[in-house]
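Undergrad:
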Amino acid sequence: MLNSPAATDGPDPERHEMSTMEAPAQFDLAALRRGIEERDADQLIGLYAEDAEMRLVDRLHPPSNPQILRGRGAIGEYLNDICSRDMTHKVEHLTAAGDRVAYTEDCEYPGGSRVLCAATLDIADGHIVREVGVQVWDE
């Protein structure tokens, strides 16, 4: 990927986040942000390892029975669905250290309903190998 082992994601006064972050070796934080905010499923899918796992917890999938997606194919189907929805996505509090990345994602549908997600990513060989996300939404 494009980032060096000690990557920086410069300050953005509207984002209120740390100005310097160490990205896991060869993981592209900018591509992650761009893929989420531009709803680019193909770009996001390319960030996952072939055997990646995604675990999601929300109102429909409590911690005792989370939604678990295994493999790039299953994760890709999920991301294609999310990215096809008419809503905005804004990444906030993006941070990285060692082989971990974390961020929050604030989303809004045209009618004003909102979704908030907090995610942690485990990175190996420049790809996401495990993601844990907790999401809540307006009813």
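Going by full-length UniProt numbering, the first residue of the sequence shown is number 1, and it counts up by one from there.
Ideal Cβ placement from N, Cα and C applies to all residues, glycine included.
What are the boundary residues of the beta strand (DSSP E) that includes Gln67?
TA: As a position in the sequence shown, residue 67 is number 67, starting the count at 1. 67 to 70 is the extent of the beta strand (DSSP E) around Gln67.
Undergrad: Could you tell me the distance, in whole angstroms, from the CA atom of Asp58 to the CA atom of Gln26?
TA: On the sequence shown, position 58 is the one that residue 58 refers to. On the sequence shown, position 26 is the one that residue 26 refers to. For Asp58 and Gln26, the distance between alpha carbons rounds to 31 angstroms.
Undergrad: Leaving out the 5 sequence neighbours to the left and right, which residues in its chain are closer than 6 angstroms to Val132 when beta-carbon positions are compared?
TA: Taking the first residue of the sequence shown as position 1, residue 132 is located at position 132. Only Arg55, Thr120 meet the Cβ criterion.
Undergrad: Between Val136, Glu139, His127, which lies nearest to Glu53 when the distance is taken from Cα to Cα?
TA: Walking along the sequence shown from the start, residue 53 turns up at place 53. The candidate whose alpha carbon is nearest that of Glu53 is His127.
Undergrad: How many Å lie between Leu94 and Asp81 at the Cα?
TA: Along the sequence shown, read from residue 1 onward, the residue named residue 94 stands at position 94. Along the sequence shown, read from residue 1 onward, the residue named residue 81 stands at position 81. In a straight line, the C-alpha of Leu94 is about 23 angstroms away from that of Asp81.
Undergrad: Under the assumption that Arg100 contacts Asp125 (Cβ atoms under 8 angstroms), give the Cβ distance between them as a whole number of angstroms.
TA: Here the question's residue 100 lines up with position 100 in the sequence shown. Here the question's residue 125 lines up with position 125 in the sequence shown. Contact flag wrong, Cβ pair sits at about 14 angstroms.
Undergrad: Give me, in chain order, the residues of the same chain whose beta-carbon lies closer than 6 angstroms to that of Tyr109; leave out the 5 immediate sequence neighbours on both sides.
TA: Counting from 1 along the sequence shown, the entry for residue 109 is found at position 109. So the list reads Met87, once near-sequence residues are dropped.
Undergrad: Indicate the three-state DSSP secondary structure (helix, strand or coil) for Gly133 in the structure shown.
TA: On the sequence shown, position 133 is the one that residue 133 refers to. Reduced to three states, the DSSP call for Gly133 is strand.
Undergrad: Note down, in chain order, each residue of its chain lying with its Cβ closer than 7 angstroms to the Cβ of Arg39, except the 5 sequence neighbours on either side.
TA: On the sequence shown, residue 39 is found 39 positions in, with the first residue counted as 1. Cys83, His89, listed in sequence order.
Undergrad: Looking at the secondary structure, which residues open and close the beta strand (DSSP E) in which Gln121 lies?
TA: The residue you call residue 121 lines up with position 121 of the sequence shown. Here residue 121 is Leu; the residue named in the question, Gln, does not match the sequence. Run containing Leu121: 114 to 124, per the beta strand (DSSP E) assignment.
Undergrad: Which two residues bound the contiguous alpha helix (DSSP H) that contains Leu44?
TA: Stepping through the sequence shown from its first residue, residue 44 is reached at position 44. Looking at the DSSP string, the run of the alpha helix (DSSP H) that includes Leu44 is 41 to 45.
Undergrad: CA-CA distance, Leu32 and Leu44?
TA: In the sequence shown, counting from the first residue as 1, residue 32 sits at position 32. In the sequence shown, counting from the first residue as 1, residue 44 sits at position 44. Spanning the two alpha carbons is a distance of roughly 6 angstroms.
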